[in-house]
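Enquirer:
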Amino acid sequence: MTNFNAQDAFLKTGKAKGKLVLVTAAPPVAASKGEGKTSCTLALLDALRLAGASACAVLRQPSMGISAAGAKGGASGVGKSALKEATQADFGLEGQMLRVGIYQNLLVSFGEKKGEREGEILLPRTSCVPTKYLRKVQAGPYSESFVLTPTCEIEQIRVLSLSEEEAKKAVDEVSVAKCRGKYLRAKDLPIFASWPVLSPSFQISLLSTLRGSPVLMYCGPFANVSLGIPGLCALKLALSKYDWVLMEAGYGFDMGMQKYLEVASKKGCALPVGAVVVRRKESGEGP
Numbered sequence: 038m039t040n041f042n043a044q045d046a047f048l049k050t051g052k053a054k055g056k057l058v059l060v061t062a063a064p065p066v067a068a069s070k071g072e073g074k075t076s077c078t079l080a081l082l083d084a085l086r087l088a089g090a091s092a093c094a095v096l097r098q099p100s101m102g103i104s105a106a107g108a109k110g111g112a113s114g115v116g117k118s119a120l121k122e123a124t125q126a127d128f129g130l131e132g133q134m135l136r137v138g139i140y141q142n143l144l145v146s147f148g149e150k151k152g153e154r155e156g157e158i159l160l161p162r163t164s165c166v167p168t169k170y171l172r173k174v175q176a177g178p179y180s181e182s183f184v185l186t187p188t189c190e191i192e193q194i195r196v197l198s199l200s201e202e203e204a205k206k207a208v209d210e211v212s213v214a215k216c217r218g219k220y221l222r223a224k225d226l227p228i229f230a231s232w233p234v235l236s237p238s239f240q241i242s243l244l245s246t247l248r249g250s251p252v253l254m255y256c257g258p259f260a261n262v263s264l265g266i267p268g269l270c271a272l273k274l275a276l277s278k279y280d281w282v283l284m285e286a287g288y289g290f291d292m293g294m295q296k297y298l299e300v301a302s303k304k305g306c307a308l309p310v311g312a313v314v315v316r317r318k319e320s321g322e323g324p
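Given below as structure tokens:
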């Protein structure tokens with residue numbers, strides 16, 4: 038696995054020359070234990086490379102608590118259509134998601150301290166592991182909540198930012214608490230020296246399939262409650278270096294793919310030239 042700074046990678050990219058193909062799925066059924074988007078993406082990537090095409094895949098970082106450690110299993114492919122660094126991918130990469138959670142929790146803690154008398158906490162705390170009974174808690178004078186780290190505000194900023202500077206400006210505007218009728222934003226809190234906690238999370242991980250095909254992994258937002266696409270910086274890098282880029286757009290086409298078309302394309306990202314829709318028998322008969 039190789040990590041490199043997302044901003045440096047973006048600055049070194051040339052004009053986009055690649056064609057984008059989105060890999061998504063039919064809307065998952067309630068009992069879904071994985072639709073096979075990642076496995077299909079990696080299989081197609083290996084096939085393109087074996088045919089002599091210049092191709093790369095861009096994936097989201099798997100959720101340790103929801104998939105890898107649970108009954109659903111890992112999100113790094115199966116069989117021969119899998120990542121060589123599957124264990125690292127499934128269980129945290131180089132700690133990028135952990136840093137995101139720590140930083141958002143720091144913002145909440147500083148927000149509590151700043152408005153400890155008459156404050157109302159707006160930003161939820163985060164956890165990488167599902168904590169159903171902590172979704173709403175009463176902690177002293179505050180009513181607070183917890184969300185999974187892949188769904189938190191800081192992670193969505195990381196997905197959409199094309200540089201660390203852009204992310205920092207967006208983080209500064211995050212509303213953390215409300216005190217005496219006024220919003221406390223991150224830039225109002227004495228947390229400036231804590232940016233090095235989050236800074237290493239702006240690293241794109243270069244992995245490979247079992248056959249040696251290149252895969253970029255960056256960010257891991259869910260699609261049902263957040264953006265459901267990899268970080269745009271990794272996508273733009275891939276499009277500038279390869280002729281064909283396969284990108285997994287999470288959950289179903291009515292969420293991950295639609296959000297890419299509605300949100301990412303407005304950030305200057307390429308529109309797909311095609312899409313692959315993975316469909317399971319449990320999804321029912323189609324038209």
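Heads up, our numbering is the position in the sequence shown plus 37, with the first residue counted as 1. All C-beta atoms, glycine included, are put in the ideal place defined by N, C-alpha and C. These numbers were taken from a predicted model, which means no experiment stands behind them.
#1: Give me the Cα-Cα distance between L85 and A112, rounded to the nearest whole angstrom.
#2: Look at the Cβ atom of C77, then the Cβ atom of Y279, and state whether they are nearer than 7 Å.
#3: Should V315 go down as buried or exposed, given a rule of 16 or more other Cβ atoms within 10 Å for buried?
#4: Got a sec, what are the start and stop residues for the alpha helix (DSSP H) I191 sits in?
#5: Please report how far the alpha carbon of A90 lies from the alpha carbon of G138, in whole angstroms.
#6: Measure the alpha-carbon distance for L264 versus G177 and round it to whole angstroms.
#7: So the candidates are I191, Y170 and L243; which of them puts its Cα closest to the Cα of E181?
#8: Do A230 and G148 count as a contact pair if the criterion is CB distance below 7 Å?
#9: Quick check: the stretch 126-138 against the stretch 292-305, are there 3 or more CB pairs under 8 Å?
#10: Is DSSP giving A223 helix, strand or coil here?
#11: Check F183 in the structure and name its three-state DSSP category.
#12: So for A286, helix, strand or coil by DSSP?
#13: Measure the alpha-carbon distance for C189 versus S146 and round it to whole angstroms.
#14: I266 and Y297: beta carbons closer than 7 Å?
#15: Helix or strand or just coil, what does DSSP make of L85?
#16: Could you check how far apart the C-beta atoms of V234 and Y140 are, in whole angstroms? I think they sit under 8 Å.
#17: Where does G55 land, buried or exposed, given buried means 16+ other C-beta within 10 angstroms?
#18: Looking at the structure shown, is I228 part of a helix, part of a strand, or coil, going by DSSP?
#19: Given a cut-off of 7 Å, decide if L244 and V60 are closer than it, judged by their beta-carbon atoms.
#20: Going by other Cβ atoms of all chains shown within 10 Å of its Cβ, with 16 needed for buried, is A260 buried or exposed?
#21: If you draw a straight line from the C-alpha of K318 to the C-alpha of G71, how long is it?
#22: Apply the 10 Å Cβ neighbour rule to G114 and answer buried if 16 or more other Cβ atoms are within range, or exposed otherwise.
#23: Excluding the five sequence neighbours on either side, which residues of its own chain have a C-beta within less than 6 Å of the C-beta of A286, listed in chain order?
#24: In this structure, how does DSSP classify S200 when only helix, strand and coil are distinguished?
#25: Compute the Euclidean distance between the alpha carbons of T75 and Q98, then round it to the nearest angstrom.
#26: Per DSSP, what kind of secondary structure is P267 in: helix, strand or coil?
#27: Rounded to the nearest angstrom, what separates A123 and L276 at their Cα positions?
#28: Please list the terminal residues of the continuous beta strand (DSSP E) segment that includes K121.
Expert: Based on what the coordinates show:
#1: 21 Å
#2: no
#3: buried
#4: For I191, the enclosing alpha helix (DSSP H) starts and ends at E190 to L197.
#5: 38 Å
#6: The straight-line gap from Cα to Cα measures roughly 33 Å.
#7: If we check each option's Cα against that of E181, Y170 comes out closest.
#8: Annotated as distal: G148 and A230, with beta-carbon spacing of 7 Å or more.
#9: Flag = no, the stretch 126-138 and the stretch 292-305 do not touch.
#10: It is helical.
#11: strand
#12: coil
#13: 15 Å
#14: yes
#15: helix
#16: With a Cβ gap of about 5 Å, V234 and Y140 count as contacting.
#17: buried
#18: coil
#19: It is not a contact, given that the beta carbons lie outside the stated cut-off.
#20: buried
#21: 13 Å
#22: buried
#23: Result list for A286: L59, T61, I266, G293, M294 and Y297, in chain order.
#24: S200 falls in the coil class under three-state DSSP.
#25: Each residue's Cα considered, the two are about 11 Å apart.
#26: Here P267 sits in coil by DSSP.
#27: 24 Å
#28: First-last for K121: undefined, no H or E at that position.
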